[in-house]
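Here is the structure we will look at.
Numbering (the numbering used here), first residue to last: 1019 to 1362.
Written out as structure tokens, the structure reads:
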């Protein structure tokens, strides 16, 4: 290692700030700037947003380190809020799948995990076997899992079976989605119907549900691992596409004035997927209201932050009025939901 010369050597905060100043970043208070860098890494604060606020490695006029800090805080608040609803959507999906597995296939794990109730191609055999292995590892000790987690452990130790509504609590979101994908068509369709309750005119509701779940999971992983969320773009066939969402949201959450890119693999596509999976009126209403409240609170502090965030993430400030149109169309509004309407 004597000849090793790192291409990214350590540099002090003073040198770091001088370089940022040379790149056009406004730094009014050195001590505050150092405090900000000690709380947020250089990568998160500078590299995370330079594609938004810099051109050719030079920051645009008027961008200060304090502005980046406030933008970062707003971004984190939005991410935390969407993360919360992603957990709710996962729980709702698992609850509905568990109830259908128990109702139609049985409550013992050997019943609802019977290969007879699953369908897969020759090319999917390896993935299916791994999915079942991952599910079974939740209630059996293995090289990877020396301890069975609660609440599954309680049922293993005190009951003669592990019902699906318990087992799925300890099954990862990813594995649960794969299990849903491999189920035979009749049970899969029943779960999809209960989950989305879409109009009969909508093509391939199962595909929409599966891709929405995948989209939520991928964006949630970005949030959980502190990756670049606001500029993350999910372009993969497994993700929900805008054209698949258009028949459901056209004229409400997807406005005719929206550009082609809005709702296409961006953070707004995660929000749209959340609306589909949450579905229940009170949950969807609260999602819209929380986003609106976050925008309104920050508009009073720094309108530029909110405007830029909407521009990049594509999450619209008028999401409540859009949401009201969607909920009215789908009979999700209740008579007592006056608080929601007051935001319009």
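Each residue gets a CB set at the ideal place from its N, CA and C atoms; glycine is no exception.
Could you name the residues of the same chain whose beta carbon sits closer than 7 Å to that of residue i, not counting the 5 residues immediately before and after it, in chain order?
{"i": "residue 1233", "result": "1252, 1257, 1258, 1287, 1288 and 1291"}
{"i": "residue 1186", "result": "1112, 1115, 1116 and 1194"}
{"i": "residue 1135", "result": "1123, 1201, 1202 and 1205"}
{"i": "residue 1108", "result": "1191"}
{"i": "residue 1337", "result": "1306, 1309 and 1310"}
{"i": "residue 1333", "result": "1285, 1286, 1289 and 1309"}
{"i": "residue 1197", "result": "1149 and 1153"}
Tell me the rounded alpha-carbon separation between residue i and residue j.
{"i": "residue 1242", "j": "residue 1265", "result": "31 Å"}
{"i": "residue 1182", "j": "residue 1027", "result": "52 Å"}
{"i": "residue 1305", "j": "residue 1271", "result": "13 Å"}
{"i": "residue 1231", "j": "residue 1112", "result": "11 Å"}
{"i": "residue 1104", "j": "residue 1023", "result": "43 Å"}
{"i": "residue 1128", "j": "residue 1184", "result": "14 Å"}
{"i": "residue 1060", "j": "residue 1321", "result": "25 Å"}
{"i": "residue 1255", "j": "residue 1064", "result": "31 Å"}
{"i": "residue 1191", "j": "residue 1081", "result": "39 Å"}
{"i": "residue 1092", "j": "residue 1310", "result": "13 Å"}
{"i": "residue 1115", "j": "residue 1212", "result": "9 Å"}
{"i": "residue 1180", "j": "residue 1096", "result": "37 Å"}
{"i": "residue 1274", "j": "residue 1346", "result": "18 Å"}
{"i": "residue 1100", "j": "residue 1055", "result": "26 Å"}
{"i": "residue 1341", "j": "residue 1176", "result": "46 Å"}
{"i": "residue 1133", "j": "residue 1159", "result": "21 Å"}
{"i": "residue 1282", "j": "residue 1235", "result": "16 Å"}
{"i": "residue 1303", "j": "residue 1239", "result": "24 Å"}
{"i": "residue 1350", "j": "residue 1144", "result": "41 Å"}
{"i": "residue 1152", "j": "residue 1125", "result": "19 Å"}
{"i": "residue 1228", "j": "residue 1199", "result": "7 Å"}
{"i": "residue 1165", "j": "residue 1278", "result": "49 Å"}
{"i": "residue 1298", "j": "residue 1267", "result": "16 Å"}
{"i": "residue 1033", "j": "residue 1039", "result": "10 Å"}
{"i": "residue 1131", "j": "residue 1146", "result": "11 Å"}
Between which two residues does the alpha helix (DSSP H) containing residue i stretch?
{"i": "residue 1109", "result": "1083 to 1122"}
{"i": "residue 1366", "result": "With the chain running from 1019 to 1362 in the structure shown, residue 1366 is simply not present."}
{"i": "residue 1047", "result": "Careful: residue 1047 lies outside any alpha helix (DSSP H) and carries neither H nor E."}
{"i": "residue 1191", "result": "1191 to 1200"}
{"i": "residue 1155", "result": "Premise fails: residue 1155 is in no alpha helix (DSSP H) and is neither H nor E."}
{"i": "residue 1040", "result": "1031 to 1040"}
{"i": "residue 1207", "result": "1203 to 1214"}
{"i": "residue 1327", "result": "1321 to 1331"}
{"i": "residue 1172", "result": "1170 to 1176"}
{"i": "residue 1070", "result": "1068 to 1071"}
{"i": "residue 1179", "result": "Counting along the chain, residue 1179 falls outside any alpha helix (DSSP H), and DSSP gives it neither H nor E."}
{"i": "residue 1341", "result": "1337 to 1347"}
{"i": "residue 1130", "result": "1127 to 1130"}
Could you pull out every residue in the same chain whose Cβ sits closer than 6 Å to the Cβ of residue i, ignoring the five residues on either side in sequence?
{"i": "residue 1335", "result": "1313 and 1328"}
{"i": "residue 1137", "result": "1202"}
{"i": "residue 1021", "result": "none"}
{"i": "residue 1188", "result": "1156, 1167 and 1170"}
{"i": "residue 1343", "result": "1270"}
{"i": "residue 1030", "result": "none"}
{"i": "residue 1052", "result": "1031"}
{"i": "residue 1324", "result": "1313, 1316 and 1317"}
{"i": "residue 1173", "result": "1180 and 1184"}
{"i": "residue 1262", "result": "1226"}
{"i": "residue 1073", "result": "none"}
Apart from the five residues just before and just after residue i, which ones in its own chain have a Cβ nearer than 8 Å to its Cβ?
{"i": "residue 1244", "result": "1062"}
{"i": "residue 1070", "result": "1248, 1249, 1326 and 1330"}
{"i": "residue 1224", "result": "1206, 1207 and 1210"}
{"i": "residue 1090", "result": "1058, 1062, 1063, 1066 and 1067"}
> In the segment 1237 to 1300, which residue ranges form an unbroken alpha helix (DSSP H) of at least 4 residues, counting only runs that do not cross its ends?
Replying inline: 1260 to 1267 and 1285 to 1296
> Using 8 Å as the Cβ pair cut-off and three pairs as the minimum, do the segment 1205 to 1223 and the segment 1110 to 1124 touch?
Replying inline: Cβ pair count under 8 Å is three or more, so yes.
>> If contact is defined by three or more beta carbon pairs under 8 Å, each pair taking one atom from either stretch, is the segment 1067 to 1078 in contact with the segment 1039 to 1046?
In response: yes
>> Could you check whether the segment 1293 to 1301 touches the segment 1208 to 1225, counting it as contact only if at least three pairs of C-beta atoms, one from each stretch, sit closer than 8 Å?
In response: Yes, since at least three Cβ pairs between the segment 1293 to 1301 and the segment 1208 to 1225 fall closer than 8 Å, the two stretches touch.
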